[in-house]
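Report on one structure; see the data block that follows.
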Amino acid sequence: MSFPNVIYGDYGDEKVAQSTKIGSLPLGKLMILPDSRTFVHTRAHTAQAMTAGYLYQADDARGGTSAHDILPATAAVGQTSVVVQSPAGTAVLTDLYAEGFLMVASSVGTGTGIQYKVKANGSAAAGSSNFTVQLADGETIHVAIDSTATVGLRESIWGAADLMTTGTAFTGPILGIPPVAVSAGFYHWIQRSGQAMAFAAATTIPIGDPVQAGTGVAGSIQKISATTVVDPKGRMSTVGHGLTAPAGTGGFVQINLELQ
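Here it is, written out as structure tokens:
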């Protein structure tokens, strides 16, 4: 089955949130509205509901397998699956890595530097239990993986959106802003660009000024200033520019979101 690279939605489509995939679309699918605002098909973290207008980030790797030190069986060119071992202390759940990636990232061996999209994976107990990783339709092993190479696995960044953390450093890449409230574990459209509502906490956002992820209130935005521009969030994350003044302390503003 194939999908168009971009979905062209109607006004209101961005407000859909439901317990199953929207239109059976894959995670990460891009939707563009008639006014060019962009949204990505995302799932809320199963342990966290989402609030409209707040910034969200990708979850940490949940499976404990992103360290690229998992031993795979050898895989020949053209194979559509790879057998790997579960890491010590970490059990693997069925399809935890569906729509994620298998990465051949060790410093030795063959097939390194290449990643493969994952369709499904089996389950395994913690510590050297074998399980099979099924590659996505159309994916095959491009360069043979030998017995000295190691691999890592990473879930899709769109599979478990978390509230953006406080502090000056990042703990995950910014995903965007949901235009409506979303129940825990629900699928929805998270906004990536265009005019968007954003929570400004108690800070003033002058119209036209660049804004960053907030450092004091989780999920908020704040003006980039001379003091914050030296911090990771201020130095590397201009998320947009202010368009309206806040309606009182702790209110929302409209910004031009610029993540896409």
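Position 224, counted from 1, in the sequence shown is what our numbering calls 317; the numbers after and before it change by one each time, with no gaps.
All C-beta atoms in this analysis are idealised placements derived from N, C-alpha and C, irrespective of residue type, glycine included.
Computed from a predicted structure; not experimentally measured.
- In its chain, beyond the 5 residues on either side, D188, A191 and Q227 have a beta carbon closer than 6 Å to the beta carbon of A213.
- Assigned with DSSP and collapsed to three states, E107 falls in helix.
- Distances from the CA of A253 to each of I115, P127 and R136 were compared; the closest alpha carbon is that of R136.
- Sixteen is the threshold: when 16 or more other Cβ atoms of the shown chains lie within 10 Å of the Cβ of Q284, as they do, the residue is buried.
- Taking C-alpha positions only, A198 is separated from T205 by approximately 5 Å.
- Here the alpha carbons of S216 and T167 stand approximately 19 Å from one another.
- One alpha carbon belongs to T139, the other to A277, and they sit about 5 Å apart.
- For Q347, the pairing in a beta bridge is given by DSSP as M290.
- When secondary structure is reduced to three states using DSSP, I234 falls in the coil class, being assigned neither helix nor strand.
- One thing to note: I234 has its Cβ within 8 Å of the Cβ of Q172.
- Taking C-alpha positions only, D103 is separated from K122 by approximately 15 Å.
- Contact fails between the segment 229-247 and the segment 283-301, because fewer than three Cβ pairs, one in each stretch, are under 8 Å apart.
- Counting along the chain, no beta strand (DSSP E) covers A140, and no H or E run does either.
- With contacts defined by Cβ atoms closer than 8 Å, S174 and S222 do not form a contacting pair.
- According to the DSSP assignment, R130 belongs to no beta strand (DSSP E), since it is labelled neither H nor E.
- Residue state for G116 is assigned as helix, using DSSP reduced to three classes.
- Taking the CA atoms as reference points, T258 sits about 22 Å from P339.
- Put simply, the backbone Cα of D255 is about 6 Å away from that of D152.
- Contact between Q208 and F224 does not hold, since their C-beta atoms are separated by about 18 Å, which reaches or exceeds 8 Å.
- Straight across, the Cα-Cα distance linking L246 with L350 is about 31 Å.
- DSSP places S199 outside any beta strand (DSSP E), giving it a letter other than H or E.
- Not a single unbroken stretch of the alpha helix (DSSP H) spanning 4 or more residues falls wholly within the segment 250-319.
- For the options A145, V99, P303 and G312, the alpha carbon positioned closest to that of P272 is the one of A145.
- H281 is the residue among I250, P303, A311 and H281 whose C-alpha sits nearest the C-alpha of S117.
- When rounded, the separation of the alpha-carbon atoms in V346 and I267 is 19 Å.
- The bridge partners DSSP lists for P165 are V177.
- In the assembly as shown, I300 is an exposed residue. Its beta-carbon has fewer than 16 other beta-carbons within 10 Å.
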